[in-house]
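Engineer:
Chains as they are written, first to last, in our numbering: chain A, 1 to 315; chain B, 1 to 315.
1. Which residue spans inside the stretch 48 to 102 of chain A form an unbroken beta strand (DSSP E) run of at least 3?
2. Have a look at residue 252 of chain A and residue 187 of chain B and give me their C-alpha separation to the nearest angstrom.
3. Give me, in chain order, the residues of the same chain whose beta-carbon lies closer than 7 Å to that of residue 63 of chain A; leave out the 5 immediate sequence neighbours on both sides.
4. Given a cut-off of 8 Å, decide if residue 109 of chain B and residue 103 of chain B are closer than it, judged by their beta-carbon atoms.
5. Below 8 Å, can you find three or more Cβ-Cβ pairs linking the stretch 234 to 244 of chain A to the stretch 118 to 136 of chain B?
6. What did DSSP end up calling residue 309 of chain A once you bin it into helix, strand or coil?
7. Of all the CB atoms in chain A, is at least one closer than 8 Å to the CB of residue 118 of chain B?
8. Can you list, in chain order, the stretches of the alpha helix (DSSP H) that have 4 or more residues and sit fully within the stretch 104 to 173 of chain A?
9. Under 8 Å, do residue 228 of chain A and residue 193 of chain A count as touching if we go by C-beta distance?
10. What is the DSSP secondary structure of residue 176 of chain B, reduced to helix, strand or coil?
11. Residue 5 of chain A to residue 301 of chain A, Cα distance in whole Å?
12. Which chain A residues sit within Cβ distance under 7 Å of residue 123 of chain B?
13. Quick check: is the beta carbon of residue 85 of chain B nearer than 8 Å to any beta carbon in chain A?
14. Entirely within the stretch 166 to 250 of chain B and at least 3 residues each: give me those beta strand (DSSP E) ranges in chain order.
15. On the CB-based measure, 16 or more other CB atoms within 10 Å of its CB, does residue 19 of chain A come out buried or exposed?
16. Closer than 9 Å between beta carbons: that is the criterion. Which residues of the stretch 185 to 210 of chain A meet it against chain B?
17. Check the Cβ-Cβ distances between residue 173 of chain A and every residue of chain B, and say whether any is below 8 Å.
18. Run through chain B and tell me which residues come within less than 8 Å of residue 236 of chain A, C-beta to C-beta.
19. For residue 334 of chain A, does the three-state DSSP call read helix, strand or coil?
20. Kindly list, in the order they appear in chain E, the residues whose Cβ is closer than 9 Å to that of residue 215 of chain A.
21. With a threshold of 16 other CB atoms inside 10 Å of the CB of residue 141 of chain A, please say whether the residue is buried or exposed.
22. What does the alpha-carbon distance come out to for the pair residue 88 of chain A and residue 94 of chain A?
23. Does any CB atom of chain A fall closer than 8 Å to the CB of residue 254 of chain B?
24. Is there at least one Cβ from chain B nearer than 8 Å to residue 267 of chain A's Cβ?
25. Starting from residue 153 of chain B, find everything on chain A with Cβ-Cβ shorter than 9 Å and list it in chain order.
26. Give a yes or no on whether the C-beta atoms belonging to residue 7 of chain A and residue 196 of chain A are separated by under 8 Å.
27. What first and last residue would you give for the alpha helix (DSSP H) that runs through residue 35 of chain A?
28. With a threshold of 16 other CB atoms inside 10 Å of the CB of residue 151 of chain A, please say whether the residue is buried or exposed.
29. Using the beta-carbon count (16 or more within 10 Å), is residue 285 of chain B buried or exposed?
30. Compare the C-beta of residue 242 of chain A with all C-beta atoms of chain B and state if any pair is closer than 8 Å.
31. Could you compute how far the alpha carbon of residue 317 of chain A sits from the alpha carbon of residue 255 of chain B?
32. According to the neighbour-count rule (16 or more other Cβ atoms, all chains shown, within 10 Å of its Cβ), is residue 190 of chain A buried or exposed?
33. Quick check on residue 270 of chain B - is its C-beta less than 8 Å from some C-beta in chain A?
34. Rounded to whole angstroms, what's the CA-CA distance from residue 176 of chain A to residue 292 of chain A? Just pull it up for me.
35. Which two residues bound the contiguous alpha helix (DSSP H) that contains residue 258 of chain A?
36. Rounded to whole angstroms, what is the Cα-Cα separation between residue 245 of chain A and residue 124 of chain B?
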């Protein structure tokens, strides 16, 4: 078994092969490899799982390709509102932020909440105020503007009008764009686990909507006794099924392996409720799982003694 | 076994007997009885568990005694920011709001989010906008002003200054005041479960802090297959231990009874992490549990065929 490693995702959904070009596919693979390598280097040099997942998520937040940080989608009001959470498996300490704007790297803010406040989750203007107090890097609205995200919003609004059904817009084919997320889980050389998730939320969401990513137990969880998990997909279903903690509970209480538990979580109640999405997970022995019930999930892993691997579609 | 019933709490903590008068104790018992009776009547006449928990919480929100709605505590900035969540055990549908101001009954807003939006959790100004759009009753700041809550904030700020330790203020003896919450769980005649939690948050909290109450899985959970749970106490620990869902998982995956699972949750990891608080829970057969690891918890239950009961301190 590998003594350390990292697993990441860049969102799950109906990634349409028809809308892809070889160039765009390559950009996604490159983006995933860059994130994996950044995290892996930290682990390789004896750094913590916490630092590794934060760094890997930073790389994806800085890329316009993924729905997090710079590439965040637009809410119905045309704003970028971002959520993030980070958790340390050794202590069960966690930090999270919800609905923040203009923060270059929301995952860094989540970590600051964990380390510098007695609170766990800070939202919106309160979180932004805390970011400014701590000198976190802020970016103007233009930094977060990406043409294709803007077009996604216009399409979603158009569809919504046609259906006249509030916020249920979006065809299957754009679900990835609507619910994209980035996340990372890692095991370090000391045997500690950590998980991090960051997202730009949901295209065309109502002002103030918080999804699963910043909610400990739903989109993010890490416990050295079981595993580290980061989920992605339709957030409301991930919350109702308490996806990340459910995986941990299945290992802890029912004795399932990481892979068994991960499959049961995604293809069990979450799917029965109507949820679409996936997750990445790693346990203390370096076992990994990357299940999803969508046509694709941007994903990859880099484990000690093994090749770096990235994938987009189902095998 | 009773075929229907309701269990409520009005916050757990170091309720100081010395600070109590017989008159004040009576007011608490009366408040709890009023909430229980309001919920029980709905169940008795064949109404849903969802309606019953909402109504019981409404009564406590309308009372200045409890830290929810009218009696909400003050944040560091001297504001009242409230959170609430409601969940239906038959469908696993849920709705929640976080950091809302001037809403008379935050639990009603949580239910509207559940029923009228595709989202699960709405925060702050976005949630307030949604409340206004739906004609929910709003109240001016004065309605939420309670002299003793204001004095609690002043004391907490004073203590914080002395300790020079940001937001870690508050002696053991005021922890109830800091972390109070109200909640209700019910079983109706159709065998359906529901849970609801509402809170005014934490005295002297940093602007934008969200606690466990609105987080599905942490402070609130309901699943007909297992139980309905509403937690109260130090929210950050409730989130890290995923208290409400952990109880459900222990029943579902390890086959524990409701009472066994509830005790394990409160006196297990939650307490080991340093958490103080309690919960109320009910299962489909009408078994109930009300464990807490604090000196007191305002609580009560009203089950078919049994007397109404309310308590404050440990037996």
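C-beta: ideal position from N, C-alpha, C; glycine also.
Structural biologist: On the basis of the supplied data:
1. If we require 3 residues or more, the beta strand (DSSP E) runs fully inside the stretch 48 to 102 of chain A come out as 82 to 88, 93 to 100.
2. In a straight line, the C-alpha of residue 252 of chain A is about 29 Å away from that of residue 187 of chain B.
3. Closer than 7 Å at the Cβ level, and outside the excluded window around residue 63 of chain A, lie 31, 70, 71.
4. The Cβ atoms of residue 103 of chain B and residue 109 of chain B sit closer than 8 Å to each other.
5. Output reads yes: the stretch 118 to 136 of chain B touches the stretch 234 to 244 of chain A.
6. In the structure shown, the three-state DSSP call for residue 309 of chain A is strand.
7. By this cut-off, residue 118 of chain B is an interface position.
8. Segments of the alpha helix (DSSP H) lying fully in the stretch 104 to 173 of chain A: 106 to 116, 124 to 133, 147 to 163.
9. In contact: residue 228 of chain A and residue 193 of chain A (Cβ atoms closer than 8 Å).
10. Any reading at residue 176 of chain B must be qualified, since the residue scores a pLDDT of 47, below 50, and its modelled position is unreliable; no value is offered.
11. Their Cα atoms are separated by approximately 7 Å.
12. Those are 98, 99, 123, 124, 208, 210, listed as they occur along chain A.
13. By this cut-off, residue 85 of chain B is not an interface position.
14. You should have 182 to 187, 193 to 199, 220 to 222, 227 to 233.
15. Residue 19 of chain A is exposed by the Cβ-count criterion.
16. Within the stretch 185 to 210 of chain A, contact with chain B at the beta-carbon level (separation under 9 Å) is assigned to 202, 205, 206, 207, 208, 209, 210.
17. Residue placement at residue 173 of chain A cannot be trusted, given a pLDDT of 39 that sits under 50; the coordinates are not used to answer.
18. At a beta-carbon threshold of 8 Å, the residues of chain B lying near residue 236 of chain A are 118, 119, 120, ordered along the chain.
19. Examination of residue 334 of chain A is not possible in this model, given that chain A is present from 1 through 315 alone.
20. In the displayed structure, chain E is absent; the protein chains listed are A and B.
21. Residue 141 of chain A should be labelled exposed.
22. Rounded to whole angstroms, residue 88 of chain A and residue 94 of chain A show a C-alpha spacing of 6 Å.
23. Output row for residue 254 of chain B: interface = yes.
24. No, no contact with chain B.
25. Within 9 Å Cβ-Cβ: nothing; residue 153 of chain B doesn't reach chain A, min ~16 Å.
26. No. Outside cutoff.
27. Here the alpha helix (DSSP H) through residue 35 of chain A covers 22 to 44.
28. Burial is judged here by how many other beta carbons sit within 10 angstroms of a residue's own beta carbon; residue 151 of chain A has fewer than 16 and is exposed.
29. The residue is exposed, with fewer than 16 neighbouring Cβ atoms inside 10 Å.
30. Answer yes: the Cβ-Cβ gap between residue 242 of chain A and chain B drops below 8 Å somewhere.
31. The structure shown does not extend to residue 317 of chain A, since chain A is modelled only from 1 to 315, so the question has no answer here.
32. Classification of residue 190 of chain A: exposed, given that the 10 Å Cβ count is below 16.
33. Interface flag for residue 270 of chain B against chain A is unset, since no Cβ pair is found closer than 8 Å.
34. Bear in mind that a pLDDT of 47 at residue 176 of chain A, under 50, signals an unreliable position, so the number given afterwards is only what the model happens to contain. Roughly 12 Å separates the two Cα atoms.
35. If you look at residue 258 of chain A, you'll find it in the alpha helix (DSSP H) that goes 258 to 267.
36. So the two alpha carbons sit approximately 26 Å from each other.
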